[in-house]
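J.: The structure's right below; bear with me while I get my questions together.
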Amino acid sequence: MVSAINSALSGLHTAGKKLEVSAQKIASSPTQKVPQVDVEKELVNQNTAATEYKANLNTIKVANEMQKSLLDIIT
Numbered sequence: 051m052v053s054a055i056n057s058a059l060s061g062l063h064t065a066g067k068k069l070e071v072s073a074q075k076i077a078s079s080p081t082q083k084v085p086q087v088d089v090e091k092e093l094v095n096q097n098t099a100a101t102e103y104k105a106n107l108n109t110i111k112v113a114n115e116m117q118k119s120l121l122d123i124i125t
């Protein structure tokens, strides 16, 4: 279970970085007639990263519940 939690924490970090990079790209894109950043692509990237973040949070939640159940069995 510790392995699952560590993996999920790593996934949280990765998803957070993806969101940060994408947001930075959008925020720093010039306001020219020919944009250098594909905003639609970045919005899809942000949505994907948010979904990954939620999935990793759910993994941590389930692992925590399993640990609590195991401790309840032991005690």
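Residue numbers (my numbering): 51 to 125.
Don't be surprised by glycine CBs; every beta carbon is placed ideally from N, CA and C.
Here the structure is a predicted model, which is why all the values come from computation and not from measurement.
How many Å lie between GLU92 and THR101 at the Cα?
T.: Roughly 14 Å separates the two Cα atoms.
J.: Would you mind sorting ASN106 into buried or exposed? The rule is 16 or more other CB atoms within 10 Å of its CB.
T.: It is buried - the Cβ of ASN106 has at least 16 other Cβ atoms within 10 Å.
J.: Would you mind working out which of LYS75, THR98, ALA99, ASN97 sits nearest ASP88, comparing C-alpha positions?
T.: Taking only the C-alpha atoms, the option nearest ASP88 is LYS75.
J.: Taking all protein chains shown into account, decide if SER60 is buried (16 or more other Cβ within 10 angstroms of its Cβ) or exposed.
T.: By the neighbour-count rule (16 or more Cβ atoms within 10 Å), SER60 is not buried but exposed.
J.: Taking the straight line between their C-alpha atoms, what separation do you get for THR109 and SER53?
T.: Approximately 11 Å, taken between the alpha carbons.
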